[in-house]
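Oh and the sequence shown: position 92 is 92 in full-length UniProt numbering, straight run, nothing missing.
Taking it in order: structure first as structure tokens, then the write-up.
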Amino acid sequence: MSDDLISIRQMCDAFEVTPRTLRFYEARELIFPHRRGQHRLYDRRDRARLTLILRGKRFGFSLEQIRQLLQLYEPGGTNRAQIAATIEIGRARLADMEQQYAELSEAIAQLKVQITDAQGRLSAAPHEQPTG
Numbered sequence: 001m002s003d004d005l006i007s008i009r010q011m012c013d014a015f016e017v018t019p020r021t022l023r024f025y026e027a028r029e030l031i032f033p034h035r036r037g038q039h040r041l042y043d044r045r046d047r048a049r050l051t052l053i054l055r056g057k058r059f060g061f062s063l064e065q066i067r068q069l070l071q072l073y074e075p076g077g078t079n080r081a082q083i084a085a086t087i088e089i090g091r092a093r094l095a096d097m098e099q100q101y102a103e104l105s106e107a108i109a110q111l112k113v114q115i116t117d118a119q120g121r122l123s124a125a126p127h128e129q130p131t132g
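As structure tokens, this is what we get:
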């Protein structure tokens with residue numbers, strides 16, 4: 001086996017994913033492992049694509065958006081229209097994430113106020129004596 005090709009187990013270990021995950025991305029035509037008999041072998045291109053897929057998932061991109069982003073890394077995939085589309089997708093996702101961040105920050109602030117209020121009431125409450 002070439003040093004460039006790695007097994008499904010090595011791929012899983014390197015990226016902390018399951019074989020099922022890799023087969024899912026293969027079925028969705030996001031990665032394209034080589035076949036040697038019943039064995040799947042992954043090359044550098046597959047590893048680079050999986051890195052981008054996992055990064056896209058972490059950022060909350062849909063699989064279709066990830067597919068569009070991956071097209072940049074295909075031969076001939078560096079035209080201005082593709083790059084502009086990638087920027088547009090990225091900016092839209094960033095705006096969504098910033099909105100979620102603002103909402104979460106507000107919820108955190110409100111929860112802190114509630115906890116502080118409850119701590120104050122607990123401190124002011126008389127200690128109850130056990131009955132029995």
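Every residue gets a Cβ at the ideal spot worked out from N, C-alpha and C, and that includes glycine.
Among all the DSSP beta bridges, which residues are the ones paired with residue i?
i, result
"Leu63", "DSSP, once it has assigned bridges, lists no residue as partnering Leu63."
"His39", "Arg36"
Is residue i close to the ligand ZN? I mean its beta-carbon at under 7 angstroms from any heavy atom of the ligand.
i, result
"Glu103", "This structure does not include the ligand ZN; it has no bound ligands of any sort."
Pick from the options: whose alpha carbon is nearest that of residue i?
i, options, result
"Arg97", "Leu52, Phe61 and Glu16", "Per the sequence presented here, residue 97 reads as Met, with Arg not at that position. Ranking the options by Cα distance to Met97, first place goes to Phe61."
"Arg23", "Phe15, Lys112 and Phe32", "Phe32"
Give a yes or no on whether the C-beta atoms belonging to residue i and residue j are separated by under 8 angstroms.
i, j, result
"Leu69", "Thr51", "no"
"Tyr25", "Ile53", "yes"
"Asp43", "Asp13", "no"
"Leu30", "Ile66", "yes"
"Phe59", "Arg28", "no"
"Ile6", "Leu41", "yes"
Determine the DSSP secondary structure at residue i, reduced to helix, strand or coil.
i, result
"Ile31", "coil"
"Leu5", "coil"
"Glu106", "helix"
"Thr86", "helix"
"residue 135", "A question about residue 135 goes unanswered here, because the residues of the chain that appear run from 1 up to 132."
"Thr51", "helix"
"Gln99", "helix"
"Glu26", "helix"
"Ile115", "helix"
"Ala125", "coil"
At the 8 angstroms Cβ level, is residue i part of the contact set with chain B, yes or no?
i, result
"Arg80", "No chain B is present in this structure, which holds just one protein chain."
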